[in-house]
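Participant: My numbering puts the first residue of the sequence shown at 2, with every later residue one more than the last.
Okay, here's the structure, questions in a sec.
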Amino acid sequence: MTAPATPETAVPRWIALWPALMLGLFFLVPFGIMLSVSVAHRVAGGFFEPGFEWASYIRFLTPFFGRVLAVSLGISLAAAAICVALAFPFTVFLATMSRTVQTRVLVVLLSVLSLSEVIIGFSLSTLLSQTAGIGNLFAAIGLIDAPRAYTPSLFALLTGLCYLGFPFAVLVLYAPVSRLDPEIVEAARVMGASAARAFFGVVVPLQRGALTGAFILVFVFTLGSYLLPQLLGRPEHWTLSVHITDQAIYQANLPFAAAMSVFLMLVALALVGLASLAGRDRGAA
2 MTAPATPETA VPRWIALWPA LMLGLFFLVP FGIMLSVSVA HRVAGGFFEP
52 GFEWASYIRF LTPFFGRVLA VSLGISLAAA AICVALAFPF TVFLATMSRT
102 VQTRVLVVLL SVLSLSEVII GFSLSTLLSQ TAGIGNLFAA IGLIDAPRAY
152 TPSLFALLTG LCYLGFPFAV LVLYAPVSRL DPEIVEAARV MGASAARAFF
202 GVVVPLQRGA LTGAFILVFV FTLGSYLLPQ LLGRPEHWTL SVHITDQAIY
252 QANLPFAAAM SVFLMLVALA LVGLASLAGR DRGAA
């Protein structure tokens, strides 16, 4: 027979309402306001007035914003794929090192996350510039005839997004990869599999859930990137977040900006939901 809970150990039931209250206050209420603004009527020369119309959402069907949406999704998908492709073998190699080395590498990755997007963006723009960038080094060693600038360009933008997303991907992959039994890989090698076949035929399938989670996290993170597309990319490379700011501040079109924000949030929530559903299905299997 267990002893009754003492006042020091008993947890009041109302504490469970606190997370729900915070969720409603800081997520559901702002989302509801944004949703109501997205269907409001835009006033010429002003902002908006209460109403219910689908004009802001129908505007997504225009060719221009269709291209904006396609570019934004394409850049985020490419950045997420590159980050996961680089982070997974790096994490597998990291897991084979000593605990001391692993700790130091993880601390370095966490220190990268402490840098602001402004510092990273301006540092990369200088590094890829013509006057003080790596183009001077390439010209000095004879790889190119003369120094050249690599920014603004899609390459510079993807470099910046991958620099930001790589630590997130490693941190998501580190825990499941470090728990992987090395004897499974050794058994595959004993059975005659090469190192590459053991990696892609054994390690990758076992870490499919972690790879999916890392991919979705980086995709959602880069989909909302605002500063790097303006610093490192051209106007045709601007993501949806940049156009949301443009519509809200410079075009004074809050309903359309809210509609794009609702779409951006729904895409992120849908991807998180799909990842959770996939993880639940694997657990049931």
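Beta carbons: idealized from backbone N, C-alpha and C, even for Gly.
Computed from a prediction, not measured in an experiment: that's the story for all the values here.
Helix, strand or coil for GLU184, going by three-state DSSP, please let me know.
Facilitator: Three-state DSSP puts GLU184 in a helix.
Participant: For GLU50, which three-state DSSP category applies?
Facilitator: Residue state, collapsed to three classes: strand.
Participant: With 16 other CB atoms within 10 Å as the buried threshold, where does ILE76 fall?
Facilitator: Classification of ILE76: buried, given that the 10 Å Cβ count is 16 or more.
Participant: Given a cut-off of 8 Å, decide if GLY234 and PRO177 are closer than it, judged by their beta-carbon atoms.
Facilitator: Not a contact, by the Cβ cut-off of 8 Å.
Participant: As a quick exercise: from TRP15, ALA45, LEU74, CYS84, pick the residue whose alpha carbon is nearest that of PHE167.
Facilitator: It is CYS84 whose Cα lies nearest to the Cα of PHE167.
Participant: Do you know offhand how far PRO155's Cα is from LEU265's?
Facilitator: It is worth fixing the name first, because residue 155 is Leu in this sequence and not Pro. One C-alpha to the other measures close to 21 Å.
Participant: Can you tell me whether DSSP reads ARG235 as helix, strand or coil?
Facilitator: Note: ARG235 maps to coil in three-state DSSP.
Participant: If you draw a straight line from the C-alpha of VAL171 to the C-alpha of LEU165, how long is it?
Facilitator: Approximately 11 Å between the Cα atoms of the pair.
Participant: Rounded to whole angstroms, what is the Cα-Cα separation between ALA141 and LEU129?
Facilitator: In a straight line, the C-alpha of ALA141 is about 15 Å away from that of LEU129.
Participant: Can you tell me which residues form a DSSP beta bridge with ARG43?
Facilitator: Partner(s): PHE49.
Participant: Counting pairs of beta carbons, one from the segment 80–100 and one from the segment 214–221, are three or more of them closer than 8 Å?
Facilitator: Cβ pair count under 8 Å is three or more, so yes.
Participant: For a minimum of 3 consecutive residues, which ranges assigned as the beta strand (DSSP E) are wholly contained in the segment 114–196?
Facilitator: The qualifying runs do not exist here; there are none.
Participant: When the Cα of THR223 is compared with those of THR160, ARG180, ALA260, which residue comes out closest?
Facilitator: It is THR160.
Participant: Whole angstroms are fine: how far does the CA of PHE27 sit from the CA of TRP19?
Facilitator: So the two alpha carbons sit approximately 12 Å from each other.
Participant: Using CA atoms only, rank isn't needed, just tell me which of PRO51, ILE185, LEU241, LEU158 is closest to ILE34.
Facilitator: Of the candidates PRO51, ILE185, LEU241, LEU158, the one whose C-alpha sits nearest the C-alpha of ILE34 is PRO51.
Participant: May I ask you to report which of helix, strand or coil DSSP gives MET261?
Facilitator: Three-state result, MET261: helix.
Participant: Taking buried to mean at least 16 other C-beta atoms within 10 Å of its own C-beta, is GLY136 buried or exposed?
Facilitator: Buried, because 16 or more other Cβ atoms sit within 10 Å of the Cβ of GLY136.
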